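Participant: Here it is, the structure, as structure tokens.
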Amino acid sequence: MKLTFYKYQGTGNDFILIDNRQEIFDKNNTKLVARLCDRRFGIGADGFILLENSEISDFKMVYYNADGNTSTMCGNGGRCLVAFAKLLGIINQHTSFEAIDGLHEATIENAVVSLKMIDVENIEQFDNHIFLDSGSPHHVTFVKNVNDVNVKITGRKLRYGAPYFEEGSNINFVEQTDKNTFKVRTYERGVEDETLSCGTGVTAVAIASHKARKTTSDTVILDTPGGLLEVSFETHNNHYKNVFLKGAATLVFTGALEI
Numbered sequence: 003m004k005l006t007f008y009k010y011q012g013t014g015n016d017f018i019l020i021d022n023r024q025e026i027f028d029k030n031n032t033k034l035v036a037r038l039c040d041r042r043f044g045i046g047a048d049g050f051i052l053l054e055n056s057e058i059s060d061f062k063m064v065y066y067n068a069d070g071n072t073s074t075m076c077g078n079g080g081r082c083l084v085a086f087a088k089l090l091g092i093i094n095q096h097t098s099f100e101a102i103d104g105l106h107e108a109t110i111e112n113a114v115v116s117l118k119m120i121d122v123e124n125i126e127q128f129d130n131h132i133f134l135d136s137g138s139p140h141h142v143t144f145v146k147n148v149n150d151v152n153v154k155i156t157g158r159k160l161r162y163g164a165p166y167f168e169e170g171s172n173i174n175f176v177e178q179t180d181k182n183t184f185k186v187r188t189y190e191r192g193v194e195d196e197t198l199s200c201g202t203g204v205t206a207v208a209i210a211s212h213k214a215r216k217t218t219s220d221t222v223i224l225d226t227p228g229g230l231l232e233v234s235f236e237t238h239n240n241h242y243k244n245v246f247l248k249g250a251a252t253l254v255f256t257g258a259l260e261i
């Protein structure tokens, strides 16, 4: 059977998207998901996303890492899924969709998607890093020159090290370049490499930067290898709410799978 797929990218973070409202894709076939995400033997992507029916919102997001395993929230993937839902005619400009970490609101205008992320309250500050969960777990380290960091080697070491071990954490290296601008490089678990951008990663970096008093702005610009993203939020007694991740999400190409 042939199944149409759609390849989307958000600041270089790329995803295979499939309309699974008719439940024709076997969600338990993790080996197939991993093969499709392989950049040499498959389509190639940082993640794989199914759009499914939801009883409580416009649609549901089912997300897999490139290794084929289901995972926690993906911010850029969520933005791409909103653009996909508009392409399918499911939504117009405003939407609410179901994800593994709850309901998310979003708006789309032209190719720019603004996605509401979860509230963040528990932020752990250490001598040389900050840890928080922005929908996915993130370790944030500030460095003088982010271009000098070997993200794959250092990120992998931290990802598997204490206290994360096998479950792991995403690892972000951050350089401040202006009063509210930060350059970010991210090692993503499940991809097990540096990606050009990470939506939950830049969200975590924006909040961590504000928490560490590196910026007083409630709108932060994140400069990733794949392009610019914007994160805005409100703060109430160290509680970060109305957190929005904003940036472009575009269709790259479509194709057909034999399954």
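Numbering (the numbering used here), first residue to last: 3 to 261.
By construction, the Cβ of each residue, glycine as well, lies at the ideal position given by its N, Cα and C atoms.
Remember, predicted model here, so these are calculated numbers, not experimental data.
#1: Nearest-angstrom Cα distance between Tyr65 and Phe50?
#2: Checking 8 Å against the spacing of the C-beta atoms, do Thr197 and Val176 come in under that value?
#3: Going by DSSP, name the residue or residues bridged to Arg187.
#4: By Cβ distance, which residues of its chain are closer than 6 Å to Ile173, with the 5 residues on each side in sequence left out?
#5: Please tell me whether Ile125 and Gly104 are closer than 8 Å, where the distance is taken between their beta carbons.
#6: Under the rule that 16 or more other beta-carbon atoms within 10 Å means buried, what is Phe43, buried or exposed?
#7: With distances taken Cα to Cα, identify the nearest neighbour of Ala250 among Ile209, Asn30, Ser199, Asn244.
#8: Which runs of the beta strand (DSSP E), 3 residues or longer, sit entirely within the region 33-97?
#9: Just how far apart, CA to CA, sit Arg23 and Thr183?
#10: Given Gly257, which residues of its chain have a CB within under 8 Å of its CB, disregarding the five upstream and five downstream residues?
#11: Please report the straight-line C-alpha distance between Glu260 and Leu34, rounded to a whole angstrom.
Facilitator: A quick look at the data gives this:
#1: Cα to Cα, the separation comes out at about 6 Å.
#2: Judged by their CB atoms, Thr197 and Val176 are not nearer to each other than the 8 Å cut-off.
#3: According to DSSP, Arg187 bridges with Phe175.
#4: Setting aside the 5 residues that flank it on each side, Ile173 is surrounded in the same chain by His141, Gly157, Leu160, Arg161, Tyr189, each with a C-beta closer than 6 Å to its C-beta; the list follows chain order.
#5: It is not a contact, given that the beta carbons lie outside the stated cut-off.
#6: Counting the other CB atoms within 10 Å of its CB gives Phe43 a total below 16, which places it among the exposed residues.
#7: Answer by Cα proximity: Ser199.
#8: As far as the region 33-97 is concerned, its whole beta strand (DSSP E) runs of at least 3 residues are 49-54, 61-67.
#9: A direct Cα-to-Cα measurement between Arg23 and Thr183 gives close to 40 Å.
#10: Cβ neighbours of Gly257 within its own chain (closer than 8 Å, five residues either side excluded): Thr6, Phe7, Lys9, Ile45.
#11: Taking the CA atoms as reference points, Glu260 sits about 11 Å from Leu34.
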